[in-house]
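Note that the protein sequences, when read in sequence, are chains A and B. Residue numbers in the first sequence follow our numbering, run continuously in steps of one, and reach 446 at the last position. Residue numbers in the second sequence follow our numbering, run continuously in steps of one, and reach 1275 at the last position. Cβ coordinates follow ideal geometry from the N, Cα and C atoms, glycine included. Given the structure is predicted, the values throughout are model-derived calculations rather than measurements.
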Amino acid sequence: MTDIAQSGVVIGAPTPTIKPRRLDPAAMAARTKKRYAAERRFELMGLLAVLTALGLLAILLFTIVAQGYSAFWQTTIRLPVQLDQNEIDPDGTADPAVIARADYSGLINDALYKMFPDVEERRAKRTLRGLISNGAAIDLMHRVTANPDLIGGTLELDLLASDDVDQFVKGYIDRSRPEGDRRVKDQELVWLDQLDGEGRIETVFNSWLFTNGDSREPEMAGIWGAAVGSFYMMLVVLLLSVPLGVGAALYLEEFAPKNNRWVDIIEVNINNLAAVPSIVFGLLGLAVFLGVMGLPRSAPLVGGLTLTLMTLPTIVVATRAALRAVPPSIREGALGIGASKIQVVAHHVLPLALPGILTGTIIGLAQALGETAPLLMIGMVAFIVDIPSGPLDAATALPVQIFLWADSPERAFTERSAAAIMVLLGFLIVMNTLAVILRQRFQIKW
Amino acid sequence: MDTQTAQSEATRGAPPHAASTTTVDQRMTARDVNLWYGEKQALFDVALDIPDREVVALIGPSGCGKSTFLRCLNRMNDTIDGCRTEGDIRLDGKDIYERSVDVVELRARVGMVFQKPNPFPKSIYDNIAYGPIIHGLASGKDEMDEIVESSLKGAGLWNEVQDRLDTPGNSLSGGQQQRLCIARAIAVSPEVILMDEPCSALDPIATAHIEELIDELKQNFTIVIVTHNMQQAARVSQKTAFFHLGKLIEHSDTDQIFTNPKESMTQDYITGRFG
Chain A
1 MTDIAQSGVV
11 IGAPTPTIKP
21 RRLDPAAMAA
31 RTKKRYAAER
41 RFELMGLLAV
51 LTALGLLAIL
61 LFTIVAQGYS
71 AFWQTTIRLP
81 VQLDQNEIDP
91 DGTADPAVIA
101 RADYSGLIND
111 ALYKMFPDVE
121 ERRAKRTLRG
131 LISNGAAIDL
141 MHRVTANPDL
151 IGGTLELDLL
161 ASDDVDQFVK
171 GYIDRSRPEG
181 DRRVKDQELV
191 WLDQLDGEGR
201 IETVFNSWLF
211 TNGDSREPEM
221 AGIWGAAVGS
231 FYMMLVVLLL
241 SVPLGVGAAL
251 YLEEFAPKNN
261 RWVDIIEVNI
271 NNLAAVPSIV
281 FGLLGLAVFL
291 GVMGLPRSAP
301 LVGGLTLTLM
311 TLPTIVVATR
321 AALRAVPPSI
331 REGALGIGAS
341 KIQVVAHHVL
351 PLALPGILTG
361 TIIGLAQALG
371 ETAPLLMIGM
381 VAFIVDIPSG
391 PLDAATALPV
401 QIFLWADSPE
411 RAFTERSAAA
421 IMVLLGFLIV
431 MNTLAVILRQ
441 RFQIKW
Chain B
1001 MDTQTAQSEA
1011 TRGAPPHAAS
1021 TTTVDQRMTA
1031 RDVNLWYGEK
1041 QALFDVALDI
1051 PDREVVALIG
1061 PSGCGKSTFL
1071 RCLNRMNDTI
1081 DGCRTEGDIR
1091 LDGKDIYERS
1101 VDVVELRARV
1111 GMVFQKPNPF
1121 PKSIYDNIAY
1131 GPIIHGLASG
1141 KDEMDEIVES
1151 SLKGAGLWNE
1161 VQDRLDTPGN
1171 SLSGGQQQRL
1181 CIARAIAVSP
1191 EVILMDEPCS
1201 ALDPIATAHI
1211 EELIDELKQN
1221 FTIVIVTHNM
1231 QQAARVSQKT
1241 AFFHLGKLIE
1251 HSDTDQIFTN
1261 PKESMTQDYI
1271 TGRFG
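Structure representation (structure tokens):
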């Protein structure tokens, strides 16, 4: 298409004369030198900036990994636990409810007392019991309920150690410090040394971290509850924001009248929406989803809805950019052989824009996955032990879990926060890699 | 400036320019075509007849409105925002801007080939098959194969691509791509093919190919071609129309335009004095 604006051929108009000019070779050489120097400076600064960024990233990753890797292991203490029929199921009912109600802490404590028979004083006994986590009893209960045949025998069990023991075994507690300054007292050190001497202290893979919900006891706290909450939220975000965002972008880019005031207003506002602080979306979610619609507090559904609002502009903007990148010649080619507008979009524009749309969507989702602030307002920043079984149950999210743990004073929560950060980063890296792969795989060159 | 005003007077006073060429069978006729891009008027009272199974060349300097006029003929200008067309353009005697006319059907009857080869990023086969599929022209695989083969033969591309129909259309050379686009256009069996500077992105050999092809295609199709290349216009067309500043200055048989133009401006343009 030629533009009528550039017409205006004037016949016989005089052309101004331009004469060749002699350039001073010395001045020219000086200028050239200066130019090259400027180029080198610019290159160097760019390189420096990239290296600084990479260095900082490396430091960040190193600190997180150095702090968090030990959370993937957990100390256990092996004790022979006698599963006494009289203690667990005195009437021999074999009823799972009865078996579940038994006092497994008592059984574990008995095993401890038997291991250290000379401990008699009440306070010392309490300290001794403190070596083993409360979680050990729960694990034992699950194990016995699942397999009632164990009742009556004696089991060599790897029992979950308390967080202080765990931290000591991992070397975070220095035994050379004065007793008042450390969480593990001299008496406990003696017991632990004895247990260690008998080969009863072991470090195993920390499966609790990946299967448990949150807990006040660090050794029992896990990210599974938060991960499930995040999963339900992402599901809601994916199901809502992709069709809405892609649909809105398609309409605005391909069908909406251009130079229309209303369309312009909508466009400006979508772009503005992308810059709204995320906590504001939380307030909106609180007002609309909890206040007006009366949805349950702390539910992943509400979190997902709120994050959808936040993700929409990202997806709309990315999709529009992807649609705009489809060359107009393809649209014209299809229109020129009689395709209707919707056929042009469905058969040509959308498939060609798909890699860009997918990338934008995944990046939007990754952003939503790492978001905490909007969840604050709708009650998802909360201590929730139970693992949610659906999008309407109370739940929390991975970044929130990190925030909560980082807030806790126990030493063992520090390494767990770092470990949870590693898991979250892992998810984000996987999502971004997926975006890159999809983009490269479906990219079409013309 | 003087000449221009004088010229516009002349055209405005004499739209029957068109009527002067009396051909028996006119495939398309245009009368009093005015077009605006927003506030700016791009075409002024253009009147032109396009005879059946002949090649009409539209020539003129950049921005003279020849492409704009070409795009009026299959309503491609409808896709441009703020573009407004007035006047009377008929295909086989029926007004194509009438409300009852379906623009999709119109474009199936008046196909278009663009300046830059624009094959779809699909296989050669799918490029050709796309038009027949959306218009439901083939009832089965065999029929579709036949359409693809005849279209590629029609565009003189069959011998070069027959054993690699499943390779991407954009893997072909520029000239082959343009012939693929022509094949794509003729696959829907249009009555008229519009070509917007189809050779401007091609080398001389590919250009010669396309020109030969145009010569063959005119046995079955009516062709309107926009070109910047006056030798090309002289070589391929039977009728030539000269546009300047949105006005149709002169049109008649190609021989006459190039040997004995009526208007001095046409003379100036084809002899290379401006443009």
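- Lys1116(B) has a beta carbon lying within less than 8 Å of a beta carbon in chain A.
- In its chain, beyond the 5 residues on either side, Ile1128, Ala1129, Pro1132, Leu1137, Ala1138 and Ala1187 have a beta carbon closer than 8 Å to the beta carbon of Ile1147(B).
- Under the DSSP assignment, Gln440(A) falls in the alpha helix (DSSP H) whose first and last residues are Arg411 to Phe442.
- Within the stretch 75 to 160 of chain A, the complete alpha helix (DSSP H) segments of 4 residues or longer fall at 85 to 88, 96 to 101, 104 to 115, 122 to 129 and 134 to 146, listed in chain order.
- The count of Cβ pairs closer than 8 Å, one atom from the stretch 179 to 195 of chain A and one from the stretch 41 to 49 of chain A, stays below three, leaving the stretches out of contact.
- Close partners of Val1033(B) in chain A (Cβ separation under 7 Å) are lacking, with about 14 Å as the shortest Cβ gap.
- Residue contact with chain B for Asn206(A): absent (no Cβ-Cβ distance below 8 Å to any residue of chain B).
- In this chain, the alpha helix (DSSP H) harbouring Gly1154(B) covers Lys1141 to Gly1154.
- Here the alpha carbon of Pro96(A) sits roughly 34 Å from the alpha carbon of Glu120(A).
- Under DSSP, the beta-bridge partners assigned to Met1112(B) are Leu1194(B).
- Taking C-beta atoms as the reference points, Ala406(A) and Ala71(A) fail to come closer than 8 Å.
- Ala1241(B) sits in a strand when the DSSP states are folded into three classes.
- Rounded to the nearest angstrom, the Cβ distance from Thr306(A) to Gly291(A) is 13 Å, too far for a contact under 8 Å.
- With respect to Gly1169(B), Phe1120(B) sits close: the two C-beta atoms are nearer than 8 Å.
- Contact check for Arg297(A) and Ile384(A): beta-carbon distance about 11 Å, past the 8 Å limit, so the pair fails to qualify.
- Inclusion of Gly285(A) and Ile315(A) in the CB contact set at 8 Å is not warranted, their separation being larger than that value.
- Distance from the Cα of Gln443(A) is smallest, within the candidate group Val349(A), Thr203(A), Leu252(A) and Gly229(A), for Val349(A).
- Of the other Cβ atoms in all chains shown, 16 or more fall within 10 Å of the Cβ of His1244(B); this residue is therefore buried.
- Beta-bridge annotation (DSSP): Glu1250(B) is paired with Phe1242(B).
- When C-beta atoms of the stretch 391 to 405 of chain A are compared with those of the stretch 224 to 241 of chain A, three or more pairs fall below 8 Å, so the two segments count as touching.
- Using a 10 angstroms sphere on the CB of Gln85(A), the tally of other CB atoms stays under 16, which defines it as exposed.
- Ranking Phe1258(B), Asn1159(B), Thr1240(B) and Ala1206(B) by CA distance to the CA of Leu1048(B) puts Thr1240(B) first.
- A distance of 8 Å or more separates the beta carbons of Ile77(A) and Ile138(A).
- Shown here, Leu1073(B) sits in coil according to DSSP, grouped into three states, outside any helix or strand.
- Using a C-beta cut-off of 8 Å, the stretch 1080 to 1090 of chain B makes no contact with the stretch 317 to 329 of chain A, since fewer than three inter-stretch Cβ pairs fall below that distance.
- For Ile1134(B), the C-beta contacts it makes with chain A under 9 Å involve Ala334, Ile337, Gly338, Ala339, Ser340, Gln343 and His347, in order along the chain.
- Relative to the Cα of Cys1199(B), the nearest Cα in the group Gln1176(B), Ser1100(B), Asp1142(B) and Ser1189(B) belongs to Gln1176(B).
- The beta carbon of Thr127(A) is closer than 8 Å to those of Lys185, Gln187 and Glu188 in its chain, skipping five residues each way along the sequence.
- Within chain A, the residues Ile330, Gly333 and His348 have their CB atoms less than 7 Å from the CB of Phe1120(B), given in chain order.
- Look at the beta carbons and you see the stretch 1154 to 1167 of chain B not touching the stretch 1071 to 1088 of chain B: under three pairs across the two are nearer than 8 Å.
- Contact check for Val237(A) and Thr311(A): beta-carbon distance about 6 Å, within the 8 Å limit, so the pair qualifies.
- Counting along the chain, the unbroken alpha helix (DSSP H) around Lys33(A) starts and ends at Pro25 to Gly68.
- In this structure, Glu1250(B) lies away from His1228(B), with their beta-carbon atoms at least 8 Å apart.
- Burial check for Trp262(A): the Cβ neighbour count within 10 Å stays below 16, so the residue is exposed.
- Among the CB atoms of chain A, none fall inside 8 Å of the CB of Glu1191(B).
- Taking the Cα positions, Asp1095(B) is about 13 Å away from Thr1085(B).
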